[in-house]
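J.: Going by this note's numbering, the sequence shown opens with residue 1, and the numbers climb by one from there.
We put the beta carbon where it would ideally sit given N, CA and C, even for glycine.
All values derive from a computational prediction rather than experimental measurement.
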Amino acid sequence: MRRRWFSLAAAALLAAITLVPAAPALAAPTFKVPFPCGQSWSGQTRSDHSPAYAIDFNRTDDLGDPVVASAPGTVDRVTDLGGTSYGKYVRIDHGGGYTTYYAHLNGFNVSVGQSVGYGKVIGWVGSTGGSTGPHLHYEQRLNGNDIQARFNGALALYWGTKTYTSDNNCSTTGSGTVNTAGGDLTVRSGPGTGYTAVGSIADGTRVTIYCQTSGTSVTGTYGTSSIWDRIGSGRYIADAYVYTGYDGYIPNVPRC
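(1) Who does TRP228 pair with in a DSSP beta bridge?
(2) Which residues in the same chain as ILE227 place their Cβ atom closer than 6 angstroms to its Cβ, once the five residues preceding and following it in sequence are excluded?
(3) What residue range is occupied by the uninterrupted beta strand (DSSP E) comprising GLN140?
(4) Specify the secondary structure class of GLY182 as computed by DSSP and reduced to three states.
(5) Which residues does DSSP pair with ARG77 in a beta bridge?
(6) Given a threshold of 16 other Cβ atoms within 10 Å of its Cβ, counted over all protein chains shown, does PRO21 qualify as buried or as exposed?
(7) Between ALA28 and HIS137, is the Cβ-Cβ spacing less than 7 angstroms?
(8) Go ahead and pull the three-state DSSP assignment for ARG2.
(9) Determine whether the beta carbon atoms of PHE31 and PHE151 lie at a separation below 7 angstroms.
(10) For THR45 and ASN252, I'd like the C-alpha separation in whole angstroms.
(11) Does the beta-carbon distance from ILE92 to GLY73 come in below 7 angstroms?
(12) Quick check for students: name the residue ranges of the beta strand (DSSP E) that lie wholly in the segment 153-179, counting only runs of 3 or more.
(13) Roughly how many angstroms separate the alpha carbons of GLN114 and VAL198, rounded to a whole number?
(14) With distances taken from CA atoms, which of ARG206, VAL116 and GLY190 is nearest VAL68?
(15) Would ASN169 pass as a contact of CYS256 if the rule is Cβ separation under 7 angstroms?
(16) Mapping the DSSP letters down to three states, classify GLN39 as helix, strand or coil.
(17) With 16 as the cutoff for other CB atoms within 10 Å, does ILE122 come out buried or exposed?
(18) What residue does the beta strand (DSSP E) around ASN109 start on, and which one ends it?
(19) I need the straight-line Cα distance from PRO51 to SER233, nearest angstrom please.
(20) Going by DSSP in three states, SER200 sits in which element: helix, strand or coil?
(21) What are the boundary residues of the beta strand (DSSP E) that includes THR99?
(22) Per DSSP, what kind of secondary structure is GLN114 in: helix, strand or coil?
(23) Just confirm the distance between the C-beta atoms of THR244 and THR216, as a whole number of angstroms; I'd bet it's less than 8 angstroms.
(24) Mind checking who ARG206 pairs with in its DSSP beta bridge?
(25) Is ASN145 helix, strand or coil when you go by DSSP?
(26) CA-CA distance, ALA154 and GLN148?
Structure follows, in structure tokens:
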């Protein structure tokens, strides 16, 4: 009898485990070029780089130039490997398995556990470790694996050299027009239908979008989307009802 009860319990546990839905994958942060607003840098990718998808950034007389966080996150590594490999480098954890690496730095401006936002200076361009000349070695990783870098959602050039102009911490905003086909659009206190309604916006209203984030999936005028637009402090609207000119996140507008 004991064996039968044990078998039934094990089967029930297995069924419960099987029926648990997988957690949805989190969207990647909106990564920015890792230099101050308005600066232009030459970024090189090559198939024999280690890791392959890393980008080496250069510009004239760049030794000592500031390097900034390419997206908000928490610094989880500030390491000096001496004259080998990355030399002095910083790693930032952006959540959802995404991290960025900044290597061959000349010095550090952050510490482990520190929260950083767009444009925060984390160190300075150097030539430490295995570097043969001043440059920034930059990586984006997902769950520890290097991935092809994207800036403002656009894929970096692979393979070759391209000039990238930074809009990091330029306080860029977006705009859109509410389109509900007649009714008012509910404004929520957070990015989802479960948040408190804090007002409404009439159909046809032009809104300023300060940042965008993911939340409850909503089906609206422009299809189904989990994107929510922050239009003020504690004021969010579903992007599925907003015409922005883009199918997805608006380039250059930061993530909330």
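T.: Let me spell this out:
(1) In the sequence shown, residue 228 corresponds to position 228, counting from 1. According to DSSP, which records beta bridges pairwise, TRP228 is partnered with THR213 and ALA238.
(2) Position 227 of the sequence shown holds residue 227. These residues qualify, in order along the chain: GLN212 and ASP239.
(3) Locating residue 140 in the sequence shown gives position 140, counting from the first residue. GLN140 -> beta strand (DSSP E) spans 136-142.
(4) Counted from its first residue, the sequence shown places residue 182 at position 182. Three-state DSSP puts GLY182 in coil, outside helix and strand.
(5) For this step, residue 77 is matched to residue 77 along the sequence shown. Answer is ARG91.
(6) In the sequence shown, residue 21 corresponds to position 21, counting from 1. Note that PRO21 has pLDDT 46, beneath the 50 cutoff, so the model's placement of it is unreliable and no number is given.
(7) For the purposes of this step, residue 28 is taken as the residue at position 28 of the sequence shown. For the purposes of this step, residue 137 is taken as the residue at position 137 of the sequence shown. No, they are not a contact pair.
(8) Reading the sequence shown from its first residue, position 2 is the one you call residue 2. Unreliable positioning characterises ARG2 in this predicted model, as indicated by a pLDDT of 38, which lies under 50. The coordinate reading is nonetheless provided below. In the structure shown, ARG2 sits in a helix (DSSP, three-state: H, G or I).
(9) Here residue 31 refers to the residue found at position 31 of the sequence shown. Here residue 151 refers to the residue found at position 151 of the sequence shown. A contact, by the Cβ cut-off of 7 angstroms.
(10) Position 45 of the sequence shown, counted from the start, is the residue given in the question as residue 45. Position 252 of the sequence shown, counted from the start, is the residue given in the question as residue 252. Spanning the two alpha carbons is a distance of roughly 23 angstroms.
(11) Reading the sequence shown from its first residue, position 92 is the one you call residue 92. Reading the sequence shown from its first residue, position 73 is the one you call residue 73. Their beta carbons are under 7 angstroms apart, which means ILE92 touches GLY73 by this criterion.
(12) 160-165 and 174-178
(13) Position 114 of the sequence shown, counting from 1, holds the residue named residue 114. Position 198 of the sequence shown, counting from 1, holds the residue named residue 198. Their backbone Cα atoms lie some 33 angstroms apart in a straight line.
(14) Within the sequence shown, residue 68 is the residue found at index 68, counting from 1. Minimum Cα distance to VAL68 is reached at VAL116.
(15) As a position in the sequence shown, residue 169 is number 169, starting the count at 1. As a position in the sequence shown, residue 256 is number 256, starting the count at 1. For ASN169 and CYS256, no; Cβs fall outside 7 angstroms.
(16) Taking the first residue of the sequence shown as position 1, residue 39 is located at position 39. Coil at GLN39, not helix or strand.
(17) Stepping through the sequence shown from its first residue, residue 122 is reached at position 122. Result: buried.
(18) Counting from one through the sequence shown, the residue named residue 109 turns up at place 109. Segment: none, ASN109 is in no beta strand (DSSP E) and carries neither H nor E.
(19) As a position in the sequence shown, residue 51 is number 51, starting the count at 1. As a position in the sequence shown, residue 233 is number 233, starting the count at 1. Their Cα atoms are separated by approximately 41 angstroms.
(20) For the purposes of this step, residue 200 is taken as the residue at position 200 of the sequence shown. It is a strand residue.
(21) Working through the sequence shown from its first residue, we reach residue 99 at position 99. First-last of the beta strand (DSSP E) with THR99: 98-103.
(22) Translated into the one-based positions of the sequence shown, residue 114 becomes position 114. GLN114 falls in the coil class under three-state DSSP.
(23) The residue you call residue 244 lines up with position 244 of the sequence shown. The residue you call residue 216 lines up with position 216 of the sequence shown. So it is not a contact: roughly 18 angstroms between Cβ atoms.
(24) Walking along the sequence shown from the start, residue 206 turns up at place 206. THR177.
(25) Position 145 of the sequence shown, counted from the first residue, corresponds to residue 145. Residue state, collapsed to three classes: strand.
(26) What you label residue 154 is simply residue 154 of the sequence shown in a count that begins at 1. What you label residue 148 is simply residue 148 of the sequence shown in a count that begins at 1. Roughly 10 angstroms between the two C-alpha positions.
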